[in-house]
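So for the sequence shown, my numbering puts the first residue at 57; every next one is plus one. Built from N, CA and C at the ideal position, the CB exists for glycine as well.
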Amino acid sequence: MADSADIQPAVDGRRVRSERSRFAIARALLDLVRETRQMPTMDAVADRANVSRRSVFRHFADTNELIIAATHMQRDEVFARFHSRDISQMAEPERVKAVAQRLGRLWEYVTPARAVAGAMRADNPVIDRMLSEDDVTHSSYLNAMFSASLALAPPAERELFLQSMVSASSWPTWVGLRRDQHLTVVEARRVMEHTLRALLQAARSAA
57 MADSADIQPA
67 VDGRRVRSER
77 SRFAIARALL
87 DLVRETRQMP
97 TMDAVADRAN
107 VSRRSVFRHF
117 ADTNELIIAA
127 THMQRDEVFA
137 RFHSRDISQM
147 AEPERVKAVA
157 QRLGRLWEYV
167 TPARAVAGAM
177 RADNPVIDRM
187 LSEDDVTHSS
197 YLNAMFSASL
207 ALAPPAEREL
217 FLQSMVSASS
227 WPTWVGLRRD
237 QHLTVVEARR
247 VMEHTLRALL
257 QAARSAA
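See below:
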(Lines of atoms letter the chains of each structure in order from A; the text may use other names.)
(Lines give C-alpha, C1' and ligand atoms only; values in the text may rest on other atoms or scores of the structure.)
Protein backbone atom coordinates (compact mmCIF):
# COMPACT_ATOMS: atom_id res chain seq x y z
CA MET A 57 0.00 0.00 0.00
CA ALA A 58 1.32 3.41 -0.89
CA ASP A 59 2.33 5.59 2.01
CA SER A 60 0.16 8.69 2.52
CA ALA A 61 3.34 10.79 2.44
CA ASP A 62 3.93 9.54 -1.13
CA ILE A 63 0.37 10.33 -2.22
CA GLN A 64 0.27 13.89 -0.88
CA PRO A 65 3.10 15.31 -3.06
CA ALA A 66 1.44 13.87 -6.16
CA VAL A 67 -1.89 15.47 -5.21
CA ASP A 68 -0.20 18.80 -4.48
CA GLY A 69 1.68 18.60 -7.78
CA ARG A 70 -1.54 18.11 -9.73
CA ARG A 71 -3.13 21.02 -7.89
CA VAL A 72 -0.18 23.31 -8.71
CA ARG A 73 -0.27 22.29 -12.38
CA SER A 74 -4.02 22.89 -12.48
CA GLU A 75 -3.63 26.35 -10.93
CA ARG A 76 -0.89 27.20 -13.40
CA SER A 77 -3.08 26.14 -16.30
CA ARG A 78 -6.03 28.18 -15.02
CA PHE A 79 -3.77 31.20 -14.65
CA ALA A 80 -2.32 30.75 -18.15
CA ILE A 81 -5.78 30.47 -19.70
CA ALA A 82 -7.15 33.53 -17.90
CA ARG A 83 -3.95 35.40 -18.74
CA ALA A 84 -4.35 34.47 -22.41
CA LEU A 85 -7.92 35.74 -22.51
CA LEU A 86 -7.01 39.03 -20.85
CA ASP A 87 -3.99 39.61 -23.11
CA LEU A 88 -6.01 38.88 -26.25
CA VAL A 89 -8.78 41.25 -25.17
CA ARG A 90 -6.21 43.99 -24.59
CA GLU A 91 -4.58 43.36 -27.95
CA THR A 92 -7.71 43.01 -30.10
CA ARG A 93 -10.24 45.02 -28.04
CA GLN A 94 -12.81 42.30 -28.59
CA MET A 95 -13.79 38.94 -27.16
CA PRO A 96 -11.52 36.24 -28.63
CA THR A 97 -12.59 32.77 -29.62
CA MET A 98 -11.84 29.94 -27.23
CA ASP A 99 -9.59 28.42 -29.90
CA ALA A 100 -7.50 31.61 -29.85
CA VAL A 101 -7.37 31.51 -26.04
CA ALA A 102 -6.26 27.88 -26.08
CA ASP A 103 -3.56 28.60 -28.65
CA ARG A 104 -2.23 31.54 -26.66
CA ALA A 105 -2.23 29.54 -23.43
CA ASN A 106 -0.61 26.58 -25.20
CA VAL A 107 -3.36 24.19 -24.14
CA SER A 108 -6.10 22.33 -25.97
CA ARG A 109 -9.62 23.69 -26.29
CA ARG A 110 -10.79 20.73 -24.22
CA SER A 111 -8.35 21.78 -21.50
CA VAL A 112 -9.89 25.25 -21.37
CA PHE A 113 -13.28 23.78 -20.47
CA ARG A 114 -11.73 21.26 -18.13
CA HIS A 115 -10.48 24.14 -16.00
CA PHE A 116 -13.47 26.44 -16.50
CA ALA A 117 -17.09 25.27 -16.51
CA ASP A 118 -18.05 27.73 -19.25
CA THR A 119 -16.99 30.93 -20.98
CA ASN A 120 -18.59 33.10 -18.29
CA GLU A 121 -16.47 31.50 -15.58
CA LEU A 122 -13.33 32.18 -17.62
CA ILE A 123 -14.35 35.81 -18.21
CA ILE A 124 -14.94 36.27 -14.48
CA ALA A 125 -11.48 34.85 -13.73
CA ALA A 126 -9.90 37.22 -16.24
CA THR A 127 -11.84 40.14 -14.74
CA HIS A 128 -10.55 39.26 -11.28
CA MET A 129 -7.03 39.10 -12.73
CA GLN A 130 -7.37 42.58 -14.20
CA ARG A 131 -8.67 43.97 -10.91
CA ASP A 132 -5.70 42.50 -9.03
CA GLU A 133 -3.31 44.02 -11.55
CA VAL A 134 -5.01 47.41 -11.35
CA PHE A 135 -4.83 47.46 -7.54
CA ALA A 136 -1.13 46.62 -7.67
CA ARG A 137 -0.27 48.99 -10.51
CA PHE A 138 -2.41 51.99 -9.57
CA HIS A 139 -2.52 51.86 -5.79
CA SER A 140 -3.49 55.22 -4.32
CA ARG A 141 -0.53 57.05 -2.81
CA ASP A 142 -0.94 59.51 0.04
CA ILE A 143 -1.44 62.98 -1.45
CA SER A 144 -3.39 64.40 1.47
CA GLN A 145 -0.66 66.94 2.25
CA MET A 146 -0.70 68.44 -1.24
CA ALA A 147 -2.43 71.74 -1.87
CA GLU A 148 -5.73 71.21 -3.65
CA PRO A 149 -4.54 72.30 -7.15
CA GLU A 150 -1.69 69.79 -7.03
CA ARG A 151 -4.01 67.15 -5.60
CA VAL A 152 -6.48 67.63 -8.45
CA LYS A 153 -3.66 67.28 -10.97
CA ALA A 154 -2.38 64.11 -9.28
CA VAL A 155 -5.88 62.59 -9.25
CA ALA A 156 -6.43 63.39 -12.94
CA GLN A 157 -3.05 61.90 -13.86
CA ARG A 158 -3.75 58.70 -11.91
CA LEU A 159 -7.24 58.27 -13.31
CA GLY A 160 -6.08 59.01 -16.85
CA ARG A 161 -3.44 56.28 -16.65
CA LEU A 162 -5.90 53.90 -14.98
CA TRP A 163 -8.70 54.37 -17.51
CA GLU A 164 -6.34 54.11 -20.46
CA TYR A 165 -4.95 50.84 -19.08
CA VAL A 166 -8.29 49.17 -18.35
CA THR A 167 -10.22 50.35 -21.42
CA PRO A 168 -9.90 47.24 -23.64
CA ALA A 169 -11.01 44.76 -20.98
CA ARG A 170 -13.47 47.20 -19.37
CA ALA A 171 -15.24 47.70 -22.70
CA VAL A 172 -15.67 43.96 -23.20
CA ALA A 173 -16.83 43.44 -19.61
CA GLY A 174 -19.26 46.34 -19.90
CA ALA A 175 -20.84 44.84 -22.99
CA MET A 176 -21.47 41.62 -21.05
CA ARG A 177 -22.63 43.00 -17.71
CA ALA A 178 -26.35 42.92 -18.57
CA ASP A 179 -26.21 39.14 -19.00
CA ASN A 180 -23.66 38.37 -16.27
CA PRO A 181 -24.64 39.26 -12.67
CA VAL A 182 -21.13 38.62 -11.35
CA ILE A 183 -19.49 41.00 -13.80
CA ASP A 184 -22.26 43.54 -13.17
CA ARG A 185 -21.59 43.33 -9.43
CA MET A 186 -17.83 43.71 -9.90
CA LEU A 187 -18.21 46.77 -12.12
CA SER A 188 -20.70 48.28 -9.67
CA GLU A 189 -18.17 47.73 -6.87
CA ASP A 190 -15.55 49.51 -8.97
CA ASP A 191 -17.94 52.46 -9.37
CA VAL A 192 -18.38 52.65 -5.59
CA THR A 193 -14.60 52.53 -5.13
CA HIS A 194 -14.19 55.42 -7.57
CA SER A 195 -16.76 57.52 -5.72
CA SER A 196 -15.17 56.76 -2.34
CA TYR A 197 -11.74 57.68 -3.70
CA LEU A 198 -12.89 61.12 -4.88
CA ASN A 199 -14.76 61.74 -1.64
CA ALA A 200 -11.62 60.94 0.35
CA MET A 201 -9.41 63.12 -1.84
CA PHE A 202 -11.64 66.20 -1.71
CA SER A 203 -13.75 65.83 1.42
CA ALA A 204 -12.60 69.17 2.87
CA SER A 205 -13.82 71.19 -0.13
CA LEU A 206 -17.01 69.15 -0.51
CA ALA A 207 -17.78 69.74 3.17
CA LEU A 208 -17.97 73.48 2.45
CA ALA A 209 -20.97 73.00 0.17
CA PRO A 210 -24.47 73.14 1.69
CA PRO A 211 -25.34 69.69 3.08
CA ALA A 212 -28.19 69.25 0.60
CA GLU A 213 -25.80 69.76 -2.33
CA ARG A 214 -22.70 67.82 -1.24
CA GLU A 215 -23.83 64.56 -2.80
CA LEU A 216 -24.71 66.39 -6.01
CA PHE A 217 -21.23 67.87 -6.26
CA LEU A 218 -19.62 64.50 -5.48
CA GLN A 219 -21.67 62.68 -8.09
CA SER A 220 -20.87 65.41 -10.63
CA MET A 221 -17.17 64.85 -9.95
CA VAL A 222 -17.65 61.08 -10.25
CA SER A 223 -19.33 61.52 -13.62
CA ALA A 224 -16.71 63.98 -14.88
CA SER A 225 -13.85 61.61 -14.04
CA SER A 226 -15.50 58.25 -14.78
CA TRP A 227 -14.39 55.65 -17.29
CA PRO A 228 -17.35 56.30 -19.66
CA THR A 229 -16.46 60.00 -19.71
CA TRP A 230 -12.83 59.13 -20.42
CA VAL A 231 -13.89 56.94 -23.35
CA GLY A 232 -16.04 59.77 -24.67
CA LEU A 233 -13.11 62.19 -24.54
CA ARG A 234 -10.71 59.76 -26.18
CA ARG A 235 -12.95 58.07 -28.76
CA ASP A 236 -15.74 60.52 -29.52
CA GLN A 237 -13.87 63.80 -29.16
CA HIS A 238 -10.61 62.28 -30.46
CA LEU A 239 -8.50 63.84 -27.71
CA THR A 240 -5.02 62.65 -26.85
CA VAL A 241 -4.34 61.19 -23.41
CA VAL A 242 -2.81 64.49 -22.29
CA GLU A 243 -5.73 66.53 -23.66
CA ALA A 244 -8.33 64.24 -22.06
CA ARG A 245 -6.50 64.41 -18.74
CA ARG A 246 -6.43 68.22 -18.87
CA VAL A 247 -10.19 68.30 -19.52
CA MET A 248 -10.75 66.05 -16.51
CA GLU A 249 -8.49 68.20 -14.35
CA HIS A 250 -10.20 71.42 -15.49
CA THR A 251 -13.67 70.01 -14.78
CA LEU A 252 -12.75 68.74 -11.32
CA ARG A 253 -11.25 72.13 -10.42
CA ALA A 254 -14.40 73.92 -11.61
CA LEU A 255 -16.67 71.65 -9.60
CA LEU A 256 -14.61 72.07 -6.44
CA GLN A 257 -14.68 75.83 -6.88
CA ALA A 258 -18.45 75.67 -7.35
CA ALA A 259 -18.80 73.60 -4.20
CA ARG A 260 -16.87 76.19 -2.19
CA SER A 261 -18.82 79.07 -3.74
CA ALA A 262 -22.15 77.43 -2.91
CA ALA A 263 -21.45 77.73 0.80
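The C-alpha of Ala147 is placed about 29 Å away from the C-alpha of Glu189. The three-state secondary structure of Phe135, taken from DSSP, is helix.
Secondary structure of Ala209 (DSSP, three-state): coil. In this structure, DSSP gives Thr97 a state outside helix and strand, which the three-state scheme calls coil. Between Ala154 and Phe217, the gap from beta carbon to beta carbon reaches 9 Å or more.
Between the C-alpha atoms of Leu206 and Gln257 there is a straight-line separation of about 10 Å. CA-CA distance, His250 to Asp184, rounds to 30 Å. Put simply, of Ser225, Val242, Ala244 and Leu233 the residue whose alpha carbon is nearest the alpha carbon of Leu255 is Ser225. A direct Cα-Cα distance of roughly 13 Å separates Asp118 from Arg78.
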